[in-house]
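Residue numbers (the numbering used here), protein chains in the order written: chain Z, 30 to 324; chain D, 30 to 324; chain W, 39 to 346; chain L, 54 to 307; chain S, 54 to 307.
The block underneath contains the structure these notes are about, expressed in structure tokens.
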Ligand SMILES: Nc1ncnc2c1ncn2[C@@H]1O[C@H](COP(=O)(O)OP(=O)(O)OP(=O)(O)O)[C@@H](O)[C@H]1O
Ligand SMILES: Nc1ncnc2c1ncn2[C@@H]1O[C@H](COP(=O)(O)OP(=O)(O)OP(=O)(O)O)[C@@H](O)[C@H]1O
Ligand SMILES: [Mg+2]
Ligand SMILES: [Mg+2]
């Protein structure tokens, strides 16, 4: 074949390009490794120390065997419901502002320099750790589950709002244009053209943040913010690690339950065609009822 | 038109269905509101209390004016670099296991009941708050930034691994089948058919978790884990809220910087066609060099 | 923090849980003094909570620790008491429960069905001791602090000062428990005169009521606790080093000037003025409080592996 | 009076000339098909008529007024249908009436009874009355496209534009969709412009034809004028006959 | 010897019968086109031959052996091309050689020089040698499809299957892709089966034709046998001629 020559030549070209690219990747990898090594040095990381301490550490792991009886004894499920309530109420309280700021932060809704005002507000809400929000709100509601809930709500604004904004960047123009051509107003275009596209992702993100917030509620409890975290903290202070782990097992069950429900809901939202037992039943109900009435 | 009748009839049907649906939504909304109200009751939320305490709280807000000089005085940027190092090293240390468990946790790689083993391991890593991980790792690395880093690494495994697993659920079959038909082995199919599809999302998620980890590093610092968090904690103990806010401002700048870099990288990864200044330059370099050499 | 600089350094862990200070700064003169006296290198390490200090002592991640009184019973078996911090000559300190003058609360039993704040949940002077006082006054304190009290609502605060501030700022709260150091400046001195032990031993008696001149809100004393031992300095039992004796001796010998920073400003006051000899037995009152409240530390002795 | 008059329309994207001095007139009620290979400027032309894209030079005059932004009486059917997956076919059709509904009622779905009936009639016209309550994302491509047509009809337009409405459909569905478009145009007496790349469909359904190549008009005429020569000019480069005749012998692909 | 023998192949998905007792033989080197409307079972047939789908009844015999799982010597070109967007055209073509490359070398891209040359030759054959280093996701649909063909060729198959390889392409690109497929099949002497729904393309490129309707074979013959009657049978229901003749009068759409 007459192209044999040029194929060979092309291969050489490609090999050269690749070699240059390998070198470049090598440099990038080195830079990365350097940053990693620098970080380890900065925090005084020493593998030898860890190696020496490993047996001590391993010995102590048995202490963390959960003391199952404590779960009933101390009524941990009830405490975990309080934690759940903190996460839930905090999420719900945070949603409206997250939604508003998230939408206004999108470059498609608010023109360029101005949307950064809203992004910055969300940035501040995220940058301040929930723990610090918690401390700042103590004068308002004391060392209590209410303060935890408020702290969770405030950080939800930043965390969830930012995910909303990111999601809106991925909206496709087609449906927006389609709404514009119908003569829809700006507001209608945003609602029907943009929000309807991201509705399910918004719900999915909200569920994800809800999960994160339940974990956050546990952490705030460790600082006295109510719920099962407090129990864990007290047992930790008493060095009753068996009891502490019993608390953590309950947290684990709680979190896995929340995640499973939220995952189920999300996968239902994603591929809505799938006939999903209960939900399908509920959603299909009106249709069937209407049919039977008209028959 | 002869179909007029049936259109009218259809409208009636639809109105009926809608009415039933409104009722259903009403019930769901009520259930939701009930859950919300129940949560508020459970945590003893009282708007009146908050209202009464508001003036006191508002008075105190002036205390939170940042004392800008403190930033230089205490060399806060250096401290924040330590925090950054903790977040970075923790993320890097967590990635390998997150990747491994995340992939093994996917129902497409490990068949159904067995993948739950890996998911559970990740669940445990998430369920234990980083604060408790910190305590558990003291025997290993003492009261130090190293322990924080390990705690971050361990929770990264659960958080990142889970996002990986979720992402893998959305992989399309087409490319996997295409690799299978070439006669690729199981491992090659996973790498070329699955992972290549999610490569950019994996990087994006890793960057997201890196951001989360930097915030986590601040929080762990608040409890003695090193970095700028310690400074914030000490100033708070001293009730030097101006200094504390100076620390928070530095955290804010740090986190916004991290987010901006990570957002830039992500948007570059997403629409790779977009000629993105620097990165395009670097990536395009080998091609151009090869061309010039061969000319 | 975490500067485990050189391997032979003595690791001195500091626990700031109950004090409103930058503890590392406070201890720097002491560390310098010890280094001068004994030639050892001292690393000061800040801990987040006192459990962390115990974990560190038990696992050879620390040699000496400044910790809280409850650490003595908790550290039995792996940590020894070297000494006790003293403040202005006093080695004992007190908890107070106070109200504001307008609440009409006269005595502890009036607190039934009311709301009261305490300090950090496991703080000896901020929470444990006051809870015991309430219990002795006939109130049913339920499982508190590991749970809820029955006869009144007890709300914890992150620290003593916040506990006091909540009392002043929140009308719903009618009393607050704190260490005397946090409340005495706002309580007229004469109210303490009924408590002889307090007058005699407390470092705070002299300054009682002093903050009222600065316009701080006045508090009204409801009760003062029995004296409690101040916070201990503890050492890892397994610490077997010739330096150890020198350091212990130097600590007990330290004078107030040794512990003061060189460049002190006018009126600078350390919150401790010396360290006096003490041992396990001095902390029996703490053990008693814990026993009364039904709080038990888990025993990890190798042979009896149960939750007793 | 001509319904659409395009005057010296030029559109440049950077260096690319998408439309190059295009002029023509379409009379009221005409069913016009725009032909041309990929990149010839079909979409750009329709978007300029619609007001979605602003011309670089020249202008489009619809109903006597120059087009500056999108108009209520010009409806569009998109290749990717652009209907809202999460809503029912009926709600999608109803969204065609957004232009004459206020914000709050539209949000709460309190539309006029008339609009509702019209949405159902439009669905009936495209043969989807029974599927009115089905979620759009659960419908097949052809059905979704028909929902898009229903939405355009509910808009009560005078002009109906469709940009490759059948490009992603299989031949059966493509036929059906083209039938509905043609039927609706006749029934509602719409001026219609459809861009297509299937020559056979174009010949089958078109009345008037405008052929574009490289942004220029290379053909403008009626069904009888659309000869194979014209098609060869439009889709030049590929000489099918020759390829076909030669494909039994050795075929070395360039 | 026949390259592919399909014996009483039946495939059911739940209640749906996708293939219903299908039998035929394809000789070595034949260029066969499978016709049929959407849902007639074209994809299912090709997937059964390929081993991607297991038959309910009957079997497929390739090269003398019954197909149980996917074979190295059967390559497939997909409608959605299924190439890896994040890799270059060259790397994609090279991935066709995965079946004969070990895991580690393939991961590190240490392929045999022979395979590399072959990947480039395949790209050359589909006219993409100059674009070898371009990222696949940045290519047009037609180019991506040609990369898919190159990948299939690198696999060195004896049998090439293609499932609606041009369905999502514009007519120009569709022509080009079909040309490359036909050219490659002749040059490498491949037995080829392609499913199509464009009748005109089928007539233009096909040698042998298999027509499916509702999972059953309704036509099996060569180019001369493919009359308009056959096509009407395959794409029944829509009578174009009649519609066309009637469309000047009132057209009420059902
Ligand atoms: N938004 C845009 N930015 C830059 N160039 C564009 C843009 N839209 C179209 N073009 C260019 O203008 C030319 C005409 O494009 P247009 O989309 O109108 O063609 P088309 O005939 O609709 O093609 P297709 O059949 O692929 O849809 C093409 O070269 C295209 O690349
Ligand atoms: N995985 C599956 N599960 C259930 N039913 C299926 C599946 N794959 C195909 N079918 C059904 O089998 C029948 C034949 O489908 P097939 O995809 O083979 O048709 P096709 O001729 O390729 O159609 P198209 O042109 O739409 O690709 C259809 O009724 C289809 O719904
Ligand atoms: Mg177009
Ligand atoms: Mg198919």
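The C-beta atom is built at its ideal place from N, Cα and C for all residues, glycine as well.
Everything numeric in this text was worked out from a predicted model, so none of it was measured.
DSSP places residue 265 of chain W in the coil class of the three-state scheme, outside both helix and strand. Here the alpha carbons of residue 72 of chain S and residue 138 of chain D stand approximately 30 Å from one another. Counting of Cβ neighbours within 10 angstroms places residue 234 of chain Z among the buried residues, the total reaching 16 or more. Contact between residue 265 of chain W and residue 235 of chain W holds, since their C-beta atoms are separated by about 6 Å, short of 8 Å. Residues of chain L with a Cβ closer than 7 Å to the Cβ of residue 253 of chain S are, in chain order, 253. Residue 250 of chain L has its Cβ nearer than 8 Å to a heavy atom of ligand 1. Along the stretch 177-193 of chain L, going in chain order, the ones with a CB nearer than 7 Å to a CB of chain D are 177, 182, 185, 186. Shortest gap from the CB of residue 66 of chain L to any heavy atom of ligand 1: under 8 Å.
Interface flag for residue 262 of chain W against chain Z is unset, since no Cβ pair is found closer than 9 Å. Less than 9 Å separates the beta-carbon of residue 85 of chain S from that of residue 246 of chain S. Contact of residue 143 of chain S with chain Z by beta-carbon distance below 8 Å involves 43.
Nearest in C-alpha terms to residue 155 of chain Z, of all of Z:141, Z:144, Z:182, is Z:182. In terms of Cβ geometry, residue 132 of chain Z and residue 194 of chain Z form a close pair [threshold 9 Å]. Residues of the stretch 57-85 of chain W whose Cβ lies closer than 8 Å to any Cβ of chain Z: none.
If you keep only unbroken beta strand (DSSP E) runs of at least 3 residues inside the stretch 100-130 of chain D, you get nothing at all. Here the alpha carbons of residue 78 of chain L and residue 60 of chain L stand approximately 9 Å from one another. Not one beta carbon of chain D lies nearer than 9 Å to the beta carbon of residue 244 of chain S. If you check the CB distance, residue 255 of chain Z and residue 72 of chain D come in under 9 Å.
The C-alpha of residue 218 of chain D is placed about 12 Å away from the C-alpha of residue 154 of chain S. Listed along chain D are 82, 85, each with a C-beta nearer than 8 Å to that of residue 207 of chain W.
Residue 251 of chain L and residue 263 of chain L have their C-alpha atoms some 14 Å from each other. Excluding sequence positions up to five before and after residue 107 of chain W, its CB lies within less than 7 Å of the CB of 162, 266, 267, 269, 270, 321, 324, all in the same chain and listed in chain order.
Taking a contact to require three or more Cβ pairs closer than 8 Å, the stretch 122-129 of chain S and the stretch 213-220 of chain S qualify as touching. Between residue 120 of chain W and residue 273 of chain W, the CB-CB gap stays under 9 Å. Within the same chain, Cβ atoms closer than 8 Å to the Cβ of residue 248 of chain W are found at 223, the five residues on either side in sequence being excluded.
For residue 213 of chain Z, a Cβ of chain L is located within less than 9 Å of the residue's own Cβ. In this structure, the straight-line span from the alpha carbon of residue 114 of chain L to that of residue 220 of chain L is close to 28 Å. Inter-residue distance for residue 122 of chain Z and residue 242 of chain D is about 25 Å (C-alpha atoms, whole angstroms). In this structure, residue 206 of chain D has its CB at a distance of at least 8 Å from all heavy atoms of ligand 4. Shown here, residue 279 of chain S sits in coil according to DSSP, grouped into three states, outside any helix or strand. In the DSSP assignment, residue 270 of chain L forms a beta bridge with L:265.
Of all residues in the stretch 150-184 of chain W, the ones placed with a Cβ closer than 8 Å to any Cβ belonging to chain Z are 155, 158, 159, 160, 183, 184, in chain order. With contacts defined by Cβ atoms closer than 9 Å, residue 109 of chain D and residue 282 of chain D form a contacting pair.
Taking CB atoms only, residue 221 of chain Z has a neighbour in chain L less than 9 Å away. Taking 9 Å as the threshold, the shortest C-beta distance from residue 94 of chain Z to chain L does not fall below it. Within a 10 Å sphere around the beta-carbon of residue 97 of chain Z sit fewer than 16 other beta-carbons, which makes this residue exposed.
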